[in-house]
Amino acid sequence: THRSFLRSLMFIPNLFAPLIQNALLLLCGWNTFKVLETDRAEDDTHWLTFWFVYTLFAFARSIVDYVAFVIPFYNELTIGFTVYLAYLGGATHLYSTVLRPLLKEHEATIDGKLRAAGQLATEYGQRAKGAAQDALKKD
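Each residue of the sequence shown is one higher than the one before, counting from 307 in our numbering.
Encoded structure:
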């Protein structure tokens, strides 16, 4: 079938893709450690930007992964995109041209929603704590 033909063309088996992706992220983490130990702020900015953009990418991937099995070369694309973000200037480019303008435009709204979510989480946490304490008192 068409799908099995495309799968046979894929270079990275599904079994190895997470290992390769995590090894790449480990290398990025090591590079982050190395630049944090220097006195140059510009290299810190590069890796902070990478981790921020990668976090957004990873969140989007967590949603897309449910249907990704139908996307040819998905593993290769995600690994390639991570390389682009980390080592080819992609994170800086995406941040400065897309993310920063978008986030600055909606910053107040995002802050308000996060504040409300934090308050709600605190409220539910207090309720859960009270319920747990009540349950322990009954035993």
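All residues carry an ideal CB built from backbone N, CA and C; glycine is no exception.
Look at the alpha carbon of residue i and the alpha carbon of residue j, and state the distance between them as a whole number of angstroms.
i, j, result
"Ala441", "Thr361", "38 Å"
"Tyr393", "Thr384", "14 Å"
"Ala329", "Tyr372", "23 Å"
"Pro378", "Leu408", "30 Å"
"Gly335", "Ser368", "20 Å"
"Ala437", "Lys444", "11 Å"
"Asp345", "Thr351", "12 Å"
"Glu429", "Lys435", "10 Å"
"Gln432", "Ala422", "15 Å"
"Leu426", "Leu332", "35 Å"
Taking 6 Å as the limit between beta carbons, can you name the residues of its chain near residue i, skipping five residues before and five after?
i, result
"Asn381", "Ile318, Ala323"
"Ala374", "Tyr380"
Mapping DSSP to helix, strand and coil, what is residue i?
i, result
"Glu343", "coil"
"Val376", "helix"
"Gly396", "helix"
"Leu408", "helix"
"Phe317", "coil"
"Asp371", "coil"
"Phe322", "coil"
Would you mind sorting residue i into buried or exposed? The rule is 16 or more other CB atoms within 10 Å of its CB.
i, result
"Phe339", "exposed"
"Val404", "exposed"
"Tyr401", "buried"
"Val389", "exposed"
Who are the Cβ neighbours of residue i in its own chain at under 7 Å, not counting the five residues just before and after it?
i, result
"Gly418", "none"
"Trp353", "Asn337, Thr338, Val341"
"Ile326", "Ile318, Ile385"
Among the residues of its own chain, which have a CB less than 8 Å from the CB of residue i, if the five just before and after it don't count?
i, result
"Thr355", "Ala397, Thr398, Tyr401"
"Leu391", "Phe356, Val359, Tyr360, Phe363, Ala397, Leu400"
"Phe387", "Phe363, Gly396"
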